[in-house]
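Reading through the structure tokens given below for one structure.
Number of protein chains: 2
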Amino acid sequence: MVNQQFNFAVHIMTALAFAHRRMDSATLAASVNTNPVVVRRLLLALRRAGLIETLAGKNGGAKLSRAPRTITLLDIYDAVELRPVIAKNQRRAARHCPVSCQMKGIMSSVAAGAEEAVRKHLRGITLAALLRQVDG
Amino acid sequence: MVNQQFNFAVHIMTALAFAHRRMDSATLAASVNTNPVVVRRLLLALRRAGLIETLAGKNGGAKLSRAPRTITLLDIYDAVELRPVIAKNQRRAARHCPVSCQMKGIMSSVAAGAEEAVRKHLRGITLAALLRQVDG
DNA sequence: TCTAATTGTAATCAACATAATTACAGTTCG
DNA sequence: CGAACTGTAATTATGTTGATTACAATTAGA
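Just so you know, the sequences run in chain order A and B.
Be aware that the first sequence starts at 1, since it is given in the numbering used here, and climbs by one per residue.
Be aware that the second sequence starts at 1001, since it is given in the numbering used here, and climbs by one per residue.
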């Protein structure tokens, strides 16, 4: 099963930006086409990152806590994406083998570079830009 | 479970470059610390990509088909990595919702950009460069 | 030509990851 | 107070991954 959290989170944030009012988890879930509890878990992560405010109780729900032009996809990525672009090498090295002994270090620097490349890309895309694509 | 195929494949290729002779799947598996069958499956993918030659039978095994300085991590990535950096959005859109209707297209272009950023990074790293890190 | 070593490949299994779902206590509005 | 929400835990179904077993086909070398 493929991890959809980043897709879901960007969708949620775009919907909140589009609506520019408080939306509840059921409405968001209908737009994303998933379950309200899945949405609420993502809302918690987005709130922890300071991107949204949530309100419990009647007429509750979530709304953006700052303007779409000040929120980048990197903010959303950092809020919800737990796993690196290139998986960490978890193997124990075979001690007698020079390649095996160096591999973890080598791959962790390759992975760090890849991660930074993706982060740079995402940092260049604002929520406001996505919104223009929805409208246009 | 995190996908380790790229890690495994780079390790295998580095070991082949380091040894610069034919190695069998059992020896490679010992270095990677996995199972020979897992290695053989990756060897098939690497061979399909033209990066190695394999030989069945006694004294069989795999060896590089070209010089380490002409092989980049992107070649290895393309040989074995099936899944995109950012998962494809697989949801059906809610037809009445403008955000939902545009989301798949928007995210696929975001994902394509992220993919290209990673590819550019990997294209800049040759197997020869990794080998220097093992030796140094 | 025979034998032993090795690849190629299918099938199965156990462990883990993911999202959906149910349930319900706590919160808030009116 | 009552209805409509969030926050959160627990469970379930399904997908993904790598390990493992098994064995036919291939090859080198005695």
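From the three backbone atoms N, C-alpha and C, an ideal C-beta is built for every residue, glycine too.
Since residue i is in the beta strand (DSSP E), which residue starts that stretch and which ends it?
i                      : result
glutamate 81 (chain A) : Taken as a continuous stretch (DSSP letters only), glutamate 81 (chain A) belongs to no beta strand (DSSP E), as it is neither H nor E.
valine 1061 (chain B)  : This sequence places glycine at residue 1061 (chain B); valine is not what is there. First-last of the beta strand (DSSP E) with glycine 1061 (chain B): 1061-1064.
leucine 55 (chain A)   : 52-55
Keeping to the same chain, check which residues put their C-beta closer than 8 angstroms to that of residue i; ignore five residues upstream and five downstream.
i                         : result
arginine 1048 (chain B)   : Ala1079
phenylalanine 6 (chain A) : Ile76, Tyr77, Val80 and Glu81
alanine 1029 (chain B)    : Asn1035, Pro1036, Val1038 and Val1039
arginine 83 (chain A)     : Asn3
arginine 95 (chain A)     : Cys101
methionine 1001 (chain B) : none
Between the beta-carbon of residue i and the beta-carbon of residue j, is there less than 8 angstroms?
i                         : j                        : result
leucine 44 (chain A)      : alanine 9 (chain A)      : no
glycine 1050 (chain B)    : aspartate 1024 (chain B) : no
leucine 1122 (chain B)    : leucine 1046 (chain B)   : no
isoleucine 1071 (chain B) : valine 110 (chain A)     : no
glutamine 1133 (chain B)  : isoleucine 106 (chain A) : yes
What residue range is occupied by the uninterrupted alpha helix (DSSP H) comprising residue i?
i                       : result
glycine 1105 (chain B)  : 1098-1123
valine 1134 (chain B)   : 1127-1135
threonine 27 (chain A)  : 25-32
isoleucine 12 (chain A) : 5-19
valine 1037 (chain B)   : 1036-1048
Exposed or buried, residue i, counting other C-beta atoms within 10 Å across all chains shown (16 or more means buried)?
i                         : result
aspartate 1135 (chain B)  : exposed
histidine 20 (chain A)    : exposed
valine 99 (chain A)       : buried
glutamine 1004 (chain B)  : buried
methionine 1103 (chain B) : buried
Skipping 5 residues on each side, what residues in its chain have a beta carbon closer than 6 angstroms to that of residue i?
i                         : result
valine 85 (chain A)       : Ala114, Glu115 and Val118
cysteine 11 (chain A)     : According to the sequence displayed, residue 11 (chain A) carries histidine and not cysteine. If we look at histidine 11 (chain A) and ignore the five residues flanking it on each side, its Cβ neighbours are Val32.
cysteine 101 (chain A)    : Ala93
leucine 130 (chain A)     : Thr14
threonine 54 (chain A)    : Leu43, Arg47 and Ala62
asparagine 1059 (chain B) : none
Below 7 angstroms CB to CB, which residues in the same chain sit around residue i once its five sequence neighbours on both sides are set aside?
i                       : result
alanine 87 (chain A)    : none
arginine 1016 (chain B) : The residue asked about is misnamed: residue 1016 (chain B) is leucine in this sequence, not arginine. So the list reads Met1023, Ile1052, Ala1062, Lys1063 and Leu1064, once near-sequence residues are dropped.
leucine 1127 (chain B)  : Met1013, Thr1014, Ala1017, Pro1068 and Ile1071
task = Check distances from the C-beta atoms of the segment 1008-1031 of chain B to those of chain A and list, in chain order, the residues that come in under 8 angstroms.
result = Val1010, His1011, Thr1014, Ala1015, Phe1018, Ala1030 and Ser1031
request  = Residues of the segment 1072-1102 of chain B with a CB closer than 8 angstroms to any CB of chain A: list them in chain order, please.
outcome  = Leu1073, Arg1083, Val1085, Ile1086, Ala1087, Lys1088, Asn1089, Gln1090, Arg1091, Arg1092, Ala1093, Ala1094, Cys1097, Pro1098, Val1099, Ser1100 and Gln1102
ask   = If contact means a Cβ-Cβ distance below 8 angstroms, which residues of the segment 1043-1076 of chain B contact chain A?
value = Leu1073
inquiry  = If the cut-off is 8 angstroms on Cβ atoms, which residues from the segment 1120-1131 of chain B count as contacting chain A, listed in chain order?
reply    = Lys1120, His1121, Leu1122, Ile1125 and Leu1130
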